[in-house]
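Visitor: Pasting a structure here, questions to come.
4 protein chains.
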Amino acid sequence: MNYQAILNQIQGDIQPYLGQGKVADYIPALAGINPSKFGMSIHTIDGITATIGDAQEQFSIQSISKILTLTMAVSLDDTNIWKRVGREPSGSKFNSLIQLELEQGIPRNPFINAGAHVITDLVYSHFDDPKEAILAFTRMVSMNDSISYDYVVAQSERETGNRNLAMGYFMKSFGNIENKVRDVLDVYFHQCSLAMSCTDLSKAFLYLANEGVLPTSEKTIITKKNSDRINALMLTCGMYDSVGDFAYRVGLPSKSGVGGGIVSIVPGEMVIAVWSPGLSESGNSLAGTKALELFVNYTGKTIF
Amino acid sequence: MNYQAILNQIQGDIQPYLGQGKVADYIPALAGINPSKFGMSIHTIDGITATIGDAQEQFSIQSISKILTLTMAVSLDDTNIWKRVGREPSGSKFNSLIQLELEQGIPRNPFINAGAHVITDLVYSHFDDPKEAILAFTRMVSMNDSISYDYVVAQSERETGNRNLAMGYFMKSFGNIENKVRDVLDVYFHQCSLAMSCTDLSKAFLYLANEGVLPTSEKTIITKKNSDRINALMLTCGMYDSVGDFAYRVGLPSKSGVGGGIVSIVPGEMVIAVWSPGLSESGNSLAGTKALELFVNYTGKTIF
Amino acid sequence: MNYQAILNQIQGDIQPYLGQGKVADYIPALAGINPSKFGMSIHTIDGITATIGDAQEQFSIQSISKILTLTMAVSLDDTNIWKRVGREPSGSKFNSLIQLELEQGIPRNPFINAGAHVITDLVYSHFDDPKEAILAFTRMVSMNDSISYDYVVAQSERETGNRNLAMGYFMKSFGNIENKVRDVLDVYFHQCSLAMSCTDLSKAFLYLANEGVLPTSEKTIITKKNSDRINALMLTCGMYDSVGDFAYRVGLPSKSGVGGGIVSIVPGEMVIAVWSPGLSESGNSLAGTKALELFVNYTGKTIF
Amino acid sequence: MNYQAILNQIQGDIQPYLGQGKVADYIPALAGINPSKFGMSIHTIDGITATIGDAQEQFSIQSISKILTLTMAVSLDDTNIWKRVGREPSGSKFNSLIQLELEQGIPRNPFINAGAHVITDLVYSHFDDPKEAILAFTRMVSMNDSISYDYVVAQSERETGNRNLAMGYFMKSFGNIENKVRDVLDVYFHQCSLAMSCTDLSKAFLYLANEGVLPTSEKTIITKKNSDRINALMLTCGMYDSVGDFAYRVGLPSKSGVGGGIVSIVPGEMVIAVWSPGLSESGNSLAGTKALELFVNYTGKTIF
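Rendered as structure tokens:
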């Protein structure tokens, strides 16, 4: 297939959707983004690439970073992790404390905020300098040493992060956070602030399309089984409270962030990254979701 | 691949798991089943079949019938249906009323009981004799005119169905059941009582592996898009409250029933049906889930 | 004190509040009431009476009937009753099913609908003709043999009672309803339909102001201890989801109904009954609550 | 009545109950208490006093301090307070976050922990040195300048207070905490650590039995209306999740603490304070509740 032609087609189709939705505005650094931005990038495991629009522009990857820390965590300790966090869809908002109370401080899955805190806490316990470790891992998989944290965003998150603090202390009260809550959240807010482009992202997650092996470096990042499992978790839990709707429309393991990015995996074939800051009510990029739906319609590349 | 050889291998591997778990005992007709039963059947879209064990023996398909009525419903009216039932995982027990109250009588998806009631209600409204229509559809897709309801099971369900009645009247109070609650549940209890074998099931659902077209008769049952969507719903909502765990271990769109049956779709390739009455705590066949996990390990046929 | 003068004063004060609020309209028989109706009646245990406005006019007592059946139930069996229903405020709407699910079919108290169903079920089990028994008890305490059910209201309730049916079947599924759900609810809908006047009500509940003894007939209805307890339950659970606000403003054990009636007990002294059909958001008579607040302000007769 | 004789009688009756229940052990300072301690004290508004047992011994008043700060808050600002905290029983545990989420950060009442945080936050905003102000108020109403904070207890609370921190940050995320969460909780943990005796307590709260006026000093602490209202809140919300059961058994406006203290008001007459460290499952002093029940049985002094 001529992926570049398909992306070009999508760029035309997507125009009416640009600027729709609501840009995340809970911190000033995100609120200032131009809502009409749109970029899309593909990397296949065979080395084919295609890009359109603002695919080279860095943005705040936010919750997409949860795949990075989850990958690190399963490679560090893939047994204990599942005693501290579940693998089921939550059926409720990404930042709800209700389920956490009903289920005694065990978050439903690693992609809701509380679950991501636990994963970051686990990573935290394994490194002297966890922020450095996460950054090194990110640069390694994306083969881009210029990637870094956006300290302005991280600081903003920290200042407005009362609900994340509430979750952290709540889990701590159940004994499910090992380190100091503020220290874990400091790392968490930094990972969310990672500034990456669509091109970075579609390259970085190729190991999830290639049975755990990064085709660019032939390095094994995780086992095939764990790669399959992360894909399964992305499909069932990766898109906030609209995983079902997204699976229904797009049907690819995916993870979104409130910065407007979405990463989708076509197992055995490729990674697609898309970015557009306007969000739907469920917190996923509105034009990004539409672009992925078009991509699947044009290529038939759904897992179903 | 030599599917028969793989099934034979699985039959050996599975022996330690037979008789484990708990047979559904809320009605006498199900409680009396021999817990060591085990059958498995494959139908590929190319006409290859393989079976082992009790694959020809009929059992109560229970919630697997929800795929049959959902298929009928989307072919009858695939727009209004999604105003009355969601497409998201529930994050709670299949028969919980909590979410129904919080979300004003709109069930989370068509595979929890409340959602299935709405689907049956929708089917009910389109036919003079809905029980006859569902039976005719089932016989047609499975190409087996001897399939019928088990009236003893249906009667037992009705006598113990207080929680289903509670759900039905609760949704009726929100205006989300059109017909008489008792009439809709009478049809629902009958569809659950359908007695089918693994062979029947792996043949019947071939249209979900073949873009909506039944390869046995070349008849189009639903559109490709709707076929993809039912697969997506099965993956995200088909295995009660362990969809995430099942996707993590097996990774195929599947639907289970408390009779011990599970149907799994390998899109573009085949349908696998398995039956063993012992249930895990989440209500899915314990040996059946293990058999599917082994099948995926031996064949690599996961969607991830 | 000159209670008649105080009631006259209140009748003047209350004029701006008449017609405010929303008349219960879920059944036609209630929706047709003139919203400006207002009546108030006092009976002291010493035989003093005072009335104003529409105090002689019969209206649908609705949930006030829950005191009648609770009184019957505690006199029939005051030990087992508290295994089947709690004594705590619910913290949620009178017809919520959420708590019922979280607490395994045991309603929080006898004054939410589910709790009242259990009480009616208990009464039902003790009589050949429970409807006749409840009516006889009501006539006895109010010394008015002309009181009867309003069969039009009862029939309307039955036709729109889907949520009550949902609760009944839900508790039945937990084993907490002994008789047939429809039979119990038939009695429940009849007790709610009882047509009584303010005068009837302030006379009927004098036993709750007089340590369990009806001063009019010197008949012991219940023990002093049980009388105290029903007053305590009325104070903590009698006013739907605004018991705290009502205790804060009025401070008397009270029970309201969606027909617009409220009964308040001044222990050791008197019973006050008030009626005005316009309801506040919490489902209590708006002018009735105001009238009681004025009464307490003028007389200082609060229990606090 | 001869109150001393009645207390002496109770001291005999209560022996079998001493040492029953479970001493609060979440902090070492509380866990070390002798579970057989028992004291009881009465102060009437006419100046009569009576004491038994360990009535002079200081203990940690814990949640009883919520009456002190609520009294300060209503005298400082009795309008805005009710926009930030409700007046309804919670129907759930004293430290639940579920309701807080469902009701957008507005706690149900001032006596659950979250509600007490809001009250302390409000007091905090009015004073340069809020800890000093609370201590001064406490000494003033109890006429005992030797009362002070137990800094060991306060420090222990702070170290184990993750759940309180979770609540604080959660409400902060809804905008319902004005000051820094840690600062407010520091004050809160100190007020909970106040060491007072039964005698101190029965003297301190006389204003609630005397229409807002402290009879010892003839000082008006709050208006009669606010005094009635605090009594109403104590009755409907003061005993954790067993207010209904307590009202049923004792029937007096009361507030308990996990230190084993309970304060009960007989409006117009007296205050009773009781202390015994063994707690029932609901967190109230077991022998203390029994002693109050006996007192009401012997004296008939219930509000119902």
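Order-wise, the sequence lines are chains R, V, Z and E. 169 is the number of the first residue of the first sequence in the numbering used here; add one for each residue after it. 169 is the number of the first residue of the second sequence in the numbering used here; add one for each residue after it. 169 is the number of the first residue of the third sequence in the numbering used here; add one for each residue after it. 169 is the number of the first residue of the fourth sequence in the numbering used here; add one for each residue after it. The beta-carbon is built from N, C-alpha and C at its ideal position, and this holds for glycine as well.
Would you give the residue range spanned by the beta strand (DSSP E) that residue 212/V belongs to?
Guide: Looking at the DSSP string, the run of the beta strand (DSSP E) that includes residue 212/V is 207–212.
Visitor: Identify the contact partners of residue 460/E in chain Z, using a Cβ-Cβ distance below 9 Å as the criterion.
Guide: Correct list: empty, because the minimum Cβ distance to chain Z is about 14 Å.
Visitor: So, is the C-beta of residue 399/E closer than 8 Å to a C-beta in chain Z?
Guide: Answer yes: the Cβ-Cβ gap between residue 399/E and chain Z drops below 8 Å somewhere.
Visitor: Are the beta-carbon atoms belonging to residue 382/Z and residue 374/Z less than 8 Å from one another?
Guide: Going by C-beta atoms, residue 382/Z is nearer than 8 Å to residue 374/Z.
Visitor: Hey, which unbroken runs of the alpha helix (DSSP H) at 4 residues or more fall wholly within the region 267–343 of chain V?
Guide: Counting only runs of 4 or more, we get 281–294, 298–310, 319–327 and 330–341.
Visitor: Since residue 266/R meets chain E, which of its residues come closer than 8 Å, beta carbon to beta carbon?
Guide: In chain order: 265, 266, 269 and 270.
Visitor: Please determine if the region 178–193 of chain V and the region 195–204 of chain R are in contact, where contact requires at least 3 C-beta pairs separated by less than 8 Å.
Guide: The region 178–193 of chain V, when compared against the region 195–204 of chain R, does not touch it at the 8 Å Cβ threshold.
Visitor: Rounded to the nearest angstrom, what separates residue 300/Z and residue 249/Z at their Cα positions?
Guide: About 21 Å.
Visitor: Throw me the rounded Cβ distance for the residue 444/Z and residue 428/Z pair, which I believe falls under 8 Å.
Guide: About 5 Å; that satisfies the 8 Å criterion.
Visitor: Using 8 Å as the limit for Cβ to Cβ distance, is residue 449/E near chain Z?
Guide: Taking Cβ atoms only, chain Z never reaches closer than 8 Å to residue 449/E, which makes this a no.
Visitor: Are the CB atoms of residue 345/V and residue 294/V nearer to each other than 8 Å?
Guide: For residue 345/V and residue 294/V, no; Cβs fall outside 8 Å.
Visitor: Going by the CB atoms, is the gap between residue 395/Z and residue 419/Z shorter than 8 Å?
Guide: No.
Visitor: Under 9 Å between beta-carbons, which chain E residues line up against residue 186/R? List them in chain order, please.
Guide: Near residue 186/R there are no residues of chain E at all, since even the closest Cβ is about 31 Å away, more than 9 Å.
Visitor: What residues of chain E sit near residue 403/Z, judged by a beta carbon separation below 8 Å?
Guide: Residues of chain E passing the Cβ test: 403, 404, 415 and 472.
Visitor: For the structure I just gave you, are there three or more beta carbon pairs, one from the region 442–458 of chain Z and one from the region 203–216 of chain Z, closer than 8 Å?
Guide: Segments in contact, yes.
Visitor: Rank 307/R, 363/R, 281/R and 364/R by C-alpha distance to the C-alpha of residue 333/R and give the top, closest one.
Guide: When each option's Cα is compared against that of residue 333/R, the closest is 281/R.
Visitor: Which ranges would you report for the beta strand (DSSP E) in the region 417–454 of chain E if only whole runs of at least 3 residues count?
Guide: Here the runs fully enclosed are 422–424, 429–434 and 438–443.
Visitor: Would you say residue 198/V faces chain Z, with C-beta separation under 8 Å as the test?
Guide: No - not a single Cβ of chain Z is within 8 Å of the one on residue 198/V.
Visitor: Since residue 180/E is in the beta strand (DSSP E), which residue starts that stretch and which ends it?
Guide: Premise fails: residue 180/E lies in the alpha helix (DSSP H), 171–182, not in any beta strand (DSSP E).
Visitor: Which residues, taken in chain order from the region 324–355 of chain R, show a beta carbon closer than 9 Å to some beta carbon of chain V?
Guide: The residues in question: there are none.
Visitor: Look at the Cβ atom of residue 452/E, then the Cβ atom of residue 430/E, and state whether they are nearer than 8 Å.
Guide: Their beta carbons are under 8 Å apart, which means residue 452/E touches residue 430/E by this criterion.
Visitor: In angstroms with no decimal places, state the Cα-to-Cα distance between residue 278/Z and residue 255/Z.
Guide: Cα to Cα, the separation comes out at about 7 Å.
Visitor: Could you pull the DSSP bridge partners for residue 382/Z from this structure?
Guide: 387/Z, per the DSSP bridge assignment.
Visitor: Rounded to the nearest angstrom, what separates residue 417/Z and residue 472/Z at their Cα positions?
Guide: Roughly 11 Å separates the two Cα atoms.
Visitor: Using beta-carbon positions only, say whether residue 438/E and residue 377/E come within less than 8 Å of one another.
Guide: Yes, the Cβ-Cβ distance between residue 438/E and residue 377/E is below 8 Å.
Visitor: Ends of the alpha helix (DSSP H) at residue 216/Z?
Guide: Run containing residue 216/Z: none; DSSP gives neither H nor E here.
Visitor: Return the CA-CA distance between residue 283/Z and residue 356/Z, expressed in angstroms with no decimal places.
Guide: Cα-Cα distance, rounded: 11 Å.
Visitor: Specify the secondary structure class of residue 469/V as computed by DSSP and reduced to three states.
Guide: Three-state DSSP puts residue 469/V in coil, outside helix and strand.
Visitor: Using three-state DSSP, classify residue 223/V as helix, strand or coil.
Guide: Here residue 223/V sits in coil by DSSP.
Visitor: Would you mind giving the Cβ-Cβ distance between residue 240/V and residue 305/V, rounded to the nearest angstrom? I have them listed as a contact below 8 Å.
Guide: Yes, residue 240/V and residue 305/V are in contact; Cβ-Cβ is about 6 Å, under 8 Å.
Visitor: Check for me: the alpha helix (DSSP H) holding residue 375/R runs from which residue to which?
Guide: From DSSP, the alpha helix (DSSP H) with residue 375/R extends over 374–377.
Visitor: Any contact of the region 229–245 of chain V with the region 347–361 of chain V, i.e. 3+ C-beta pairs under 8 Å?
Guide: Because the criterion of three Cβ pairs below 8 Å is met, the region 229–245 of chain V and the region 347–361 of chain V touch.
Visitor: Does the beta-carbon of residue 348/E have 16 or more other beta-carbons within 10 angstroms, so that it is buried, or is it exposed?
Guide: Looking at its Cβ environment, which holds fewer than 16 other Cβ atoms inside 10 Å, residue 348/E is exposed.
Visitor: Would you call the CB atoms of residue 292/Z and residue 337/V closer than 8 Å?
Guide: No, Cβ-Cβ distance for residue 292/Z and residue 337/V is not below 8 Å.
Visitor: Quick one: what's got a C-beta closer than 8 Å to residue 340/E's C-beta in the same chain, skipping five residues either side?
Guide: For residue 340/E, where only same-chain residues beyond five positions count, the Cβ hits under 8 Å are 349.
Visitor: Do you know offhand how far residue 329/R's Cα is from residue 273/R's?
Guide: About 19 Å.
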